[in-house]
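Here is the structure we will look at, set down as structure tokens.
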Amino acid sequence: MAEIPPDIAKLSFEKALSELEKIVRKLEDGKGELEDAIKAYERGALLKRHCEAKLQEAKNKVEKIVLGPTGSVGVEPADMD
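Residue 57 in the working numbering sits at position 76 of the sequence shown; the count goes up by one each step and never skips.
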């Protein structure tokens, strides 16, 4: 599996998703050169993986929220490895 390039890795979830949506619209339009469409598809696949990783990170953080013995909400440190 290809490594996420630094320019994608630095994007927030929202920015990556926005770029991915633009790529999908462009590909659905069907206009343009085949080589450009292939490059856009490849970048879209990397953006998708990045978004999935960001969502998993958020899920892991949410799962660290636990109820304490008195019913109060506590937060455990997230293991980000």
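Backbone N, C-alpha and C define an ideal beta-carbon position, used for all residues, glycine too.
Check	Outcome
Cβ neighbours of Ile(-11) in the same chain (closer than 7 Å, five flanking residues each side left out)	Ala(-3), Leu27, Leu28 and His31
Range of the contiguous alpha helix (DSSP H) that encloses Pro64	The question about residue 64 has no answer here: the residues shown for the chain are numbered -18 through 62.
Among Glu23, Val5, Leu(-8) and Glu0, nearest to Met(-18) - alpha-carbon criterion	Glu23
Cut-off 8 Å between Cβ atoms - residues of its own chain near Ile4, not counting five sequence neighbours on either side	Ala21, Tyr22, Arg24, Gly25 and Leu28
Counted within 10 angstroms of its Cβ, other Cβ atoms place Leu15 as buried (16 or more) or exposed	exposed
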